[in-house]
Each structure stands twice: as structure tokens, then as C-alpha cells.
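In my numbering, the protein residues as written are 114 to 318.
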């Protein structure tokens with residue numbers, strides 16, 4: 114069954130399935146593996162599970178667990194010592210500053226110390242907790258004209274929770290994934306385009 118599933122991916126109409134190859138397969142497999150937890154979270158938010166998954170799907174394409182562990186260890190220690198460092202961590206590539214913004218915005222009654230925050234970010238349950246917080250904030254906002262909710266959520270997730278509509282509109286057009294804006298857009302994609310494509314492939318028909 115597993116091999117049939119991956120064979121279907123090879124025939125997927127998504128242009129990203131072929132472009133990202135094995136990383137695409139791994140991202141899909143990760144979502145399959147943790148489907149029950151993700152779908153329960155979506156249910157609590159009253160949104161389609163595919164929409165929740167789509168927001169973070171692009172991050173899964175570039176996540177490498179071993180590389181993540183090796184590259185963040187020194188940064189984690191610096192962060193715990195109070196140095197001004199920020200870095201992406203975990204399968205959803207969340208930054209401590211992102212988590213802190215969510216904690217403060219929702220005035221969460223949890224331990225907000227750097228040590229506790231980092232400990233949460235290093236678990237999948239913690240990352241899903243912050244993803245839920247992020248979407249709770251997004252759901253309170255009115256969607257701008259000509260934007261779909263998923264388009265807005267994915268753009269905010271990639272560019273910043275507190276970005277203005279003008280800034281979001283700029284980033285919505287930029288091809289800066291997965292390497293960032295310093296490299297040529299000719300070899301990159303738009304984060305929200307990938308999220309929307311995932312929803313088109315795996316969302317309700």
C-alpha cells in the first residue's frame with residue numbers, strides 16, 4: 114500500500130512533486146504518519162485538515178532532521194544564555210521569536226521562559242501547539258479582498274505574523290522558497306503557491 118501511494122505521487126499533477134522529488138515524498142509521509150494529531154487539531158479549530166497541513170507543508174519540503182540538530186545546537190545554547198539569536202527549528206521550522214510572539218499575543222498562561230519555549234519547540238506536540246495558536250490568531254482577522262484564507266495564512270506563516278497587507282502582498286508575489294530572497298527567483302518558488310497546490314491535491318474535492 115505504501116509503495117502504491119508513492120507511485121501515485123510520481124504521477125501527481127503537482128509540478129512540485131517532480132521538482133522536490135524525494136523531499137516531497139518525505140513531507141507527504143510525515144503528514145500521513147502524524148495524521149491523527151494534525152486532524153484533531155484542525156477539528157478543534159473548525160478548519161479543513163488539508164488547510165492546516167498546507168500551511169506548513171512547504172517547510173516540510175526543506176526540513177532535514179539531522180541537519181537541523183547539528184546546526185541548531187550551538188544556537189540553542191546561545192539563546193538560553195540570553196544572546197540575541199534567532200533560528201528555525203523542528204519540522205515546521207519555527208523560530209523562538211515566532212513562538213514568543215504567539216505567547217504574548219494570546220497572553221498564554223504557560224511558562225514563557227526561553228528554556229521552556231525551546232523545550233516545546235523541540236517536540237512535535239509543541240510545534241503543533243504553536244501552529245494552533247498561530248491559526249487561532251489568523252482566524253480572528255478579516256480576510257482581505259481577493260485573498261483566500263489559506264493564501265493569507267500561508268503567506269503570514271512564511272513572511273511574518275504582524276506584516277502589513279502591503280508587505281504580505283509583496284511577499285505573495287516573491288519566489289524566495291526554499292533558499293531565501295538573496296538567491297535568484299529563477300530557481301525558487303513562492304511559499305503560498307506550494308501551500309495552495311498541496312490543498313488542491315489533497316483537500317476536499
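Backbone N, C-alpha and C fix where the C-beta goes; we use that ideal spot for every residue, glycine too. Model, not experiment: these values are computed from the prediction.
Under the Cβ criterion (8 angstroms, minimum of three pairs), the region 165 to 176 counts as touching the region 137 to 144. Linking residue 224 to residue 239 through their CA atoms gives a straight-line distance of about 13 angstroms. Around the beta carbon of residue 303, 16 or more other beta carbons sit within 10 angstroms, so the residue counts as buried. Short of 8 angstroms from the beta carbon of residue 208, and not among the five residues preceding or following it, lie these beta carbons of its own chain, in chain order: 199, 200, 201, 202.
When the beta-carbon positions are compared, residue 309 and residue 274 stay at least 8 angstroms from each other. Within the DSSP secondary-structure output, residue 290 pairs in a beta bridge with 302.
Distances from the CA of residue 235 to each of 255, 205, 305 were compared; the closest alpha carbon is that of 205. By the neighbour-count definition (other C-beta atoms within 10 Å, threshold 16), residue 267 is a buried residue. Excluding sequence positions up to five before and after residue 271, its CB lies within less than 6 angstroms of the CB of 304, all in the same chain and listed in chain order.
8 angstroms or more divides the Cβ of residue 247 from the Cβ of residue 171. With 16 or more neighbouring CB atoms inside 10 Å of its own CB, residue 216 falls in the buried class. In the structure shown, residue 202 adopts extended strand secondary structure according to DSSP, grouped into three states.
Closest by C-alpha distance to residue 278, out of 187, 156, 256, is 256.
Assignment of beta-bridge partners to residue 207 by DSSP yields 202.
Counting along the chain, residue 254 sits inside no alpha helix (DSSP H), nor does DSSP assign it H or E at all.
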